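Number of protein chains: 2
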Amino acid sequence: MDLVWFGQKEGAEELFPATVPGNIQKDYAAFKSWGDIHYADNCEKYLEIEDEVWFYHTSFDGTRATDERVFFVTKGIDYEYDIILNGCVICHHEGLYTPVEIDITDRVKDGTNTLSVKIYRHPKREGAPVSRTQADNCVKPPVGYGWDWHPRVIPSGIWNDTSIEFRKADYITRLNVTYSLAEDFSRGELFFDFTCNGAYNIRVFAPDGALVYEGAERRVSVENPLLWWCNGQGKQNLYSWEVTTASDRKQGKTGFRRVELVMESIHWAEPHGFPKSRSNPPTTLLLNGRKIFAKGSNIVSPEIFPGTSDVDTYLPLVRLAKEANMNIFRMWGGSGIQKDVFFELCDEYGIMVWQEFPLACNDYKNDPHYLEILEQEAVCIVRNLRQHCSVVIWCGGNELFNGWSKMTDQSHALRLLNKICYEQDPDTPFLSTSPLAGMGHGCYLFSFNGQEVYQMFNNSHYTAYTEFGVPSLPSVDYLKTFIPADQLFPPRQESTWKTHHGFDSWCYWDTWVCLDIIEGYFGKVSSLEDLVRYSNWLQCEGYKAIFEEARRQKPYCAMAINWCYNEPWKTAANNSLLCYPALPKPAYYAVKNSLKNVVPSARLNRFSYKSGDVFSAELWLLNDGDECIEQDEIRVSVEIGGNIVEILNWQIDFCAENTNKRGHIIQYILPRIQGVECFRLVLESKKYGVNSYDLHYVYKANAPVPKIPVLNM
Amino acid sequence: MDLVWFGQKEGAEELFPATVPGNIQKDYAAFKSWGDIHYADNCEKYLEIEDEVWFYHTSFDGTRATDERVFFVTKGIDYEYDIILNGCVICHHEGLYTPVEIDITDRVKDGTNTLSVKIYRHPKREGAPVSRTQADNCVKPPVGYGWDWHPRVIPSGIWNDTSIEFRKADYITRLNVTYSLAEDFSRGELFFDFTCNGAYNIRVFAPDGALVYEGAERRVSVENPLLWWCNGQGKQNLYSWEVTTASDRKQGKTGFRRVELVMESIHWAEPHGFPKSRSNPPTTLLLNGRKIFAKGSNIVSPEIFPGTSDVDTYLPLVRLAKEANMNIFRMWGGSGIQKDVFFELCDEYGIMVWQEFPLACNDYKNDPHYLEILEQEAVCIVRNLRQHCSVVIWCGGNELFNGWSKMTDQSHALRLLNKICYEQDPDTPFLSTSPLAGMGHGCYLFSFNGQEVYQMFNNSHYTAYTEFGVPSLPSVDYLKTFIPADQLFPPRQESTWKTHHGFDSWCYWDTWVCLDIIEGYFGKVSSLEDLVRYSNWLQCEGYKAIFEEARRQKPYCAMAINWCYNEPWKTAANNSLLCYPALPKPAYYAVKNSLKNVVPSARLNRFSYKSGDVFSAELWLLNDGDECIEQDEIRVSVEIGGNIVEILNWQIDFCAENTNKRGHIIQYILPRIQGVECFRLVLESKKYGVNSYDLHYVYKANAPVPKIPVLNM
């Protein structure tokens with residue numbers, strides 16, 4: 090039943106239109122004409138309504154047929170709330186991920202009924218500073234409390250589908266479809282678990298639409314099922330099913346797949362010597378028995394107001410990930426859980442999901458009330474999402490075992506989540522947090538403590554890089570849409586630049602604009618255009634260097650997942666590959682190329698070179714695909730100042746599937762050319778296309794060009 | 090009811106006397122007069138009965154009063170078995186830790202009844218090599234399948250209390266006593282959970298015997314309870330309780346304590362730099378809010394036939410641990426779970442227990458049947474032992490995350506154990522295995538790969554040393570009790586020496602006799618007496634060096650637990666501090682001194698010195714106690730060739746509780762004295778007694794004695 094909702098601030102008379110699903114703060118802001126939240130400092134207006142109590146009101150005609158029952162149904166309301174029917178509280182609830190279904194038949198009268206939802210004040214731990222710490226004893230996503238790329242705007246309200254339903258007796262409810270898969274993949278079994286008082290019919294269709302089964306058995310065998318593969322490894326085979334009764338119909342899709350996290354033999358060889366610690370935990374994904382190098386990005390809530398997210402929000406994000414040759418999203422815990430349609434899209438596009446629970450960078454204590462709500466919410470989350478073949482890893486949350494969070498393996502919240510995942514979805518791996526031992530987070534800058542990404546990662550030895558970032562600014566045109574013209578250039582620390590995370594965001598004042606790093610390479614920057622150009626140059630090369638180096642470290646390393654993919658609002662600078670809402674930055678295209686299953690790659694030492702320097706690079710052919718490579722040739726050249734110098738032809742006879750090949754080291758003496766600030770290394774595979782690197786060139790009039798020849802080793 | 094049991098080998102007519110509780114193989118061997126299992130190669134005779142099926146038989150008078158019911162009751166039978174009453178199988182069971190109670194009233198007849206127990210063949214995974222690997226899909230302790238200090242002798246049978254009971258209606262059963270403790274320790278609450286059809290009375294007594302409560306409330310408050318402390322930190326306060334009915338009485342003891350594993354701030358500072366991994370898991374025990382340096386030993390099953398263990402077996406072991414200033418046993422998983430009385434003694438003597446589940450050095454796979462039995466057994470283990478205040482850590486098992494085991498954090502068995510412990514005993518810490526990241530196991534030799542224990546441990550940086558060992562031989566007299574006279578000297582690789590783990594036991598041929606290491610220091614050894622003396626010298630100094638170094642590394646390091654404490658049979662050489670059954674080696678006394686709460690200590694660089702060398706040592710005062718030290722003085726001297734040289738008086742004004750104090754570095758030029766092979770460093774505290782080190786001295790006629798003075802820095 091379509092309901093027309095109005096919002097109300099507690100203590101105020103006025104009603105305003107409310108969108109359901111949505112968020113009440115956004116509705117109120119629209120009603121008050123606060124303007125675009127993305128513009129200038131508009132987001133700060135939301136602080137004044139942060140501690141409000143809100144109401145939703147609607148009415149409906151309760152007249153029903155004699156064989157009908159009436160239900161209040163919601164997929165989730167954020168965060169603590171009452172359901173009030175005709176003036177009576179019929180439900181009090183805490184937690185935004187628990188679906189609630191209430192049979193209200195005996196309370197509903199013929200004709201007009203009133204329904205209200207009271208949304209309590211946001212949870213904030215008493216005594217905590219005004220930061221994410223306030224969210225350390227609730228299951229609300231902490232990101233709204235403020236992050237280095239998210240303004241402090243805390244949403245609440247009816248964020249997910251909510252309605253009044255008139256149901257016949259044969260209504261289908263509590264439907265949960267799971268499956269098992271034979272050890273040798275020769276047989277799948279679907280289990281239809283649901284409640285229905287009446288005759289029903291189940292139909293199952295193969296990925297090509299052919300009918301596989303029709304009948305009333307709740308256990309359906311599928312012989313030799315077509316397996317679901319992630320992007321780049323095969324088809325995203327999905328079996329459709331529907332359950333129908335005379336009055337109702339439910340449908341969905343299931344992908345058969347098996348997922349494990351396994352060790353490589355090289356991991357068991359560590360640690361060396363005595364006293365001896367444990368070997369690192371496994372990070373290699375085994376999908377249907379095949380090792381997969383996990384490459385992708387950390388996705389965050391795509392909207393400040395998650396209630397407004399729908400298929401149009403998620404589709405471009407998932408589609409762009411597939412197009413960028415990614416196969417995994419780490420769904421970062423601070424952002425909470427996305428709507429079902431996000432996971433349906435990931436199933437369909439082959440993007441595996443590492444799904445975290447809504448814990449991030451806090452010490453969630455052993456508080457009985459918190460643990461009770463966490464258990465309730467986590468059980469609902471797992472039972473709902475385990476049906477999606479794309480969900481391949483459960484994770485307790487973000488960076489919980491580090492000094493800024495201070496949780497440990499003994500924290501009850503994490504032991505509880507491990508228990509719930511084991512009970513509800515034992516065959517999907519569970520990680521307590523990220524990073525674990527052997528896994529690396531950071532750095533988040535092109536250079537840090539005197540090391541560029543090249544030195545930092547070439548010398549790293551990790552089983553998985555699950556966060557790493559290089560920031561950039563969006564385009565000049567984009568900046569103009571939210572930074573007032575008089576603040577555009579030069580960027581100042583106390584301005585909209587700071588509100589939008591250009592300054593004082595992480596670690597030190599210059600994040601994320603990174604003027605210091607940019608001017609360190611390029612000298613004083615004199616225009617916004619140059620600033621944007623340099624910033625994106627560094628981001629492109631930085632991300633290329635890290636993603637490709639992580640791939641080169643396979644099989645010791647099994648994952649490269651950058652921080653971050655997207656952003657929920659317009660930032661002035663960010664590690665993201667996409668600007669809000671889903672606008673690719675140049676680095677998106679650079680990463681897309683670096684993540685092709687087969688790509689020639691160069692291990693570089695540094696970014697900046699003077700004329701006369703020996704430019705050196707180690708050649709690689711990276712292969713994450715399931716096919717071996719035969720008879721390829723890689724032509725290596727350097728383009729500088731309009732000249733193209735052919736360096737080498739690397740002949741490759743054979744490179745096994747999912748295996749990299751290490752090649753020659755080239756050394757090239759950079760010539761003296763004036764008026765040039767960049768030179769390009771180009772690797773062109775005969776079969777697999779081009780990969781290139783734009784590197785910084787500094788002309789020094791007096792630099793001697795050494796008398797050593799070009800070496801092809 | 091006392092039952093007289095007989096044993097029978099399947100397929101054989103003959104019956105033999107059987108001891109219950111006990112182990113059937115031991116009974117059979119006694120019947121066959123196989124002789125002392127500890128002597129020579131007698132243990133090998135047991136191989137011929139390894140795959141037998143066994144029966145126990147008894148009979149009893151089933152005549153009962155009309156208000157009585159009859160029960161078969163066992164605390165545990167090893168491993169898979171049938172209970173057969175009057176020829177009918179009334180129970181089939183797998184698992185030795187699940188108590189079984191069967192109401193047999195309706196099957197028992199007046200007069201004579203026969204009762205048999207069929208013990209199935211030992212579980213062995215098909216296709217596994219003849220080693221512990223055969224036990225990788227069962228819950229039987231793997232140690233009996235053979236270890237580097239345990240012969241291959243696999244026990245089974247009625248290993249724990251088993252009887253027929255005639256019960257009145259008011260019999261007390263399923264009694265489980267747990268407690269809660271207020272945050273500020275101001276109040277304890279005992280919860281009596283039991284079944285009883287009839288009037289009952291509960292009485293609770295304070296540690297001094299005073300009656301605290303009497304009545305029928307199952308929830309009993311104790312105001313300001315006297316807390317239980319581990320050895321060295323306070324009293325082992327235990328509250329006694331009893332539940333009585335007209336016909337029955339159950340009693341026990343409860344110690345109120347809170348235990349946590351916490352981080353030190355120094356741990357949060359790691360890891361440094363980017364990419365950044367997690368901080369190590371916590372290893373600092375917090376007992377009743379007080380940090381405790383855990384010092385103790387790895388205890389193993391004290392008998393090859395665990396069914397024969399009783400209070401007389403355990404008492405000397407626990408008492409000696411207390412006397413050696415230990416406060417913790419790591420109850421090693423490979424040995425399985427000990428009988429209740431062991432834990433009662435640990436409660437009483439203040440020895441904390443790190444209790445492992447019976448998994449060790451195997452890859453226990455995700456096999457549904459195995460997991461089902463593991464769950465059943467683990468739930469019983471935890472529900473039984475959580476009542477003991479001494480049990481402060483649960484652990485999945487031994488060395489499971491290393492290359493020789495190959496389990497990971499994803500292994501279902503370990504996720505299941507974490508879940509069970511969280512459900513049954515959430516406030517007791519759970520570790521998946523030992524070692525975890527930051528914790529060290531090994532080495533097990535005085536020197537390895539060119540490093541002595543001094544260099545190995547002085548340069549180590551671990552949060553806990555949970556296994557480390559130095560082997561020694563037992564005394565000559567002791568060796569003579571089990572090594573035939575003609576094999577005594579020289580020890581040969583193919584002889585009783587090998588059967589008793591003198592050779593080919595670990596890593597290389599020379600373990601655990603370590604002739605190579607001994608002769609490397611002392612030259613060719615010409616008598617058994619010398620071999621024993623040198624071996625024990627190295628063990629004493631090796632253990633002193635490691636235990637004291639681990640203590641010096643506090644607070645970064647929080648545990649020092651050597652491998653191992655005891656042994657279940659007479660070994661020719663072993664890392665143990667006690668010879669079977671509980672006979673202290675010299676190293677026991679050395680360790681006892683090193684583990685005093687307050688002890689002066691010297692950090693040494695190496696074991697062996699030539700005349701003319703500068704002997705150097707860094708002085709420390711180690712304090713694990715809860716009291717600060719004021720106005721102490723430590724006199725340092727060197728004794729060599731009958732001369733005593735006073736080196737230094739170290740004046741100590743103040744040293745805080747549970748804190749070490751670092752002192753001077755002494756440097757002393759060793760004189761030229763002939764006919765001496767040892768010199769002694771003596772540290773004598775005015776208040777806390779003596780600590781001394783016996784070091785190896787080599788006279789070199791031509792060694793120049795350098796002209797540098799003794800330095801007191």
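In the order they appear, the protein sequences are chains Y and B.
Everything in the first sequence is counted per the numbering used here, starting at 90 for the first residue and increasing by one.
Everything in the second sequence is counted per the numbering used here, starting at 90 for the first residue and increasing by one.
Yeah, the Cβ is synthetic: ideal placement off N, Cα and C, and Gly gets one too.
Because the structure is a prediction, the values reported are computed rather than measured.
According to the DSSP assignment, B/Thr-402 belongs to the alpha helix (DSSP H) that extends over 400–412.
Residue range 104–107 is occupied by the beta strand (DSSP E) that includes Y/Ala-107. DSSP places B/Glu-716 in the coil class of the three-state scheme, outside both helix and strand. If only complete runs of 3 or more residues are kept, the segment 741–795 of chain B shows the beta strand (DSSP E) at 750–758, 767–774 and 778–787, in order along the chain.
Judged by their CB atoms, Y/Leu-316 and Y/Phe-345 are nearer to each other than the 9 Å cut-off. The segment 229–304 of chain B is shown to contain whole beta strand (DSSP E) runs of 3 or more residues at 251–256, 262–270, 276–284, 290–294 and 300–304, in chain order. Per DSSP, the continuous beta strand (DSSP E) segment holding B/Asn-387 begins and ends at 383–388. Interface annotation for the segment 496–510 of chain B against chain Y: Thr-497, Asp-498, Gln-499, His-501, Arg-504, Leu-505, Asn-507 and Lys-508, criterion Cβ-Cβ distance under 7 Å. Using a Cβ-Cβ cut-off of 9 Å, B/Phe-519 counts as an interface residue toward chain Y, since at least one Cβ of chain Y sits closer than that to its own. For Y/Val-351, the nearest beta carbon of chain B is closer than 9 Å to its own beta carbon.
Listed as beta-bridge partners of B/Ile-733 by DSSP are B/Glu-728.
Take B/Gly-287, set aside five residues on each side of it, and the residues of its chain with a beta-carbon closer than 6 Å to its own are Ala-258, Asp-259 and Thr-334, in chain order.
Shown here, Y/Trp-318 sits in coil according to DSSP, grouped into three states, outside any helix or strand. Under the DSSP definition of a beta bridge, B/Pro-675 lacks any partner. B/Lys-164 sits close to B/Asp-429, with the two beta carbons spaced by under 9 Å. Short of 7 Å from the beta carbon of B/Gly-151, and not among the five residues preceding or following it, lie these beta carbons of its own chain, in chain order: Val-159, Val-197, Lys-198, Asp-199, Gly-200 and Asn-202. Within the segment 399–429 of chain Y, contact with chain B at the beta-carbon level (separation under 8 Å) is assigned to no residue. Assignment of B/Thr-201 by DSSP, reduced to helix, strand and coil, places it in the strand class. For the segment 366–398 of chain B, residues whose beta-carbon sits nearer than 7 Å to a beta-carbon of chain Y comprise Ser-366, Arg-367, Ser-368, Pro-370 and Pro-371. With its beta carbon less than 9 Å from one in chain Y, B/Ala-358 belongs to the interface.
Taking every protein chain shown into account, the CB of Y/Gln-582 has fewer than 16 other CB atoms within 10 angstroms, so this residue is exposed.
Nearest CB-CB separation between Y/Thr-522 and chain B: below the 9 Å threshold. Contact between the segment 696–715 of chain Y and the segment 549–568 of chain Y is absent: fewer than three C-beta pairs spanning the two stretches fall below 8 Å. Using a Cβ-Cβ cut-off of 9 Å, B/Asn-791 does not count as an interface residue toward chain Y, since no Cβ of chain Y sits closer than that to its own. What Y/His-590 touches in chain B, judged by beta-carbon distance under 7 Å, is nothing: the nearest beta carbon there is about 20 Å away. What B/Ala-526 touches in chain Y, judged by beta-carbon distance under 7 Å, is Ser-366, Arg-367 and Ala-526, going in chain order.
One alpha carbon belongs to B/Ser-500, the other to B/Ser-494, and they sit about 12 Å apart.
For B/Asn-491, the closest Cβ of chain Y is nearer than 9 Å.
Within the DSSP secondary-structure output, B/Glu-445 pairs in a beta bridge with B/Cys-484.
In terms of beta-carbon proximity, Y/Cys-532 lines the interface with chain B, with at least one pair separated by less than 9 Å. Between B/Met-545 and chain Y, the shortest Cβ-Cβ separation is below 9 Å.
Minimum Cα-Cα distance from Y/Ser-424 among the listed residues Y/Leu-279, Y/Asp-456, Y/Gln-444 and Y/Lys-681 corresponds to Y/Gln-444.
Contact of B/Phe-363 with chain Y is assigned, a C-beta pair being separated by under 9 Å.
Annotation for B/Asp-192: the continuous beta strand (DSSP E) segment containing it runs 189–192. Closer than 7 Å at the C-beta level to chain Y, one finds these residues of the segment 547–559 of chain B: Ser-549, Tyr-551, Tyr-554 and Phe-557. Within chain Y, the residues Phe-363, Pro-364, Lys-365 and Ser-366 have their CB atoms less than 8 Å from the CB of B/Gly-529, given in chain order.
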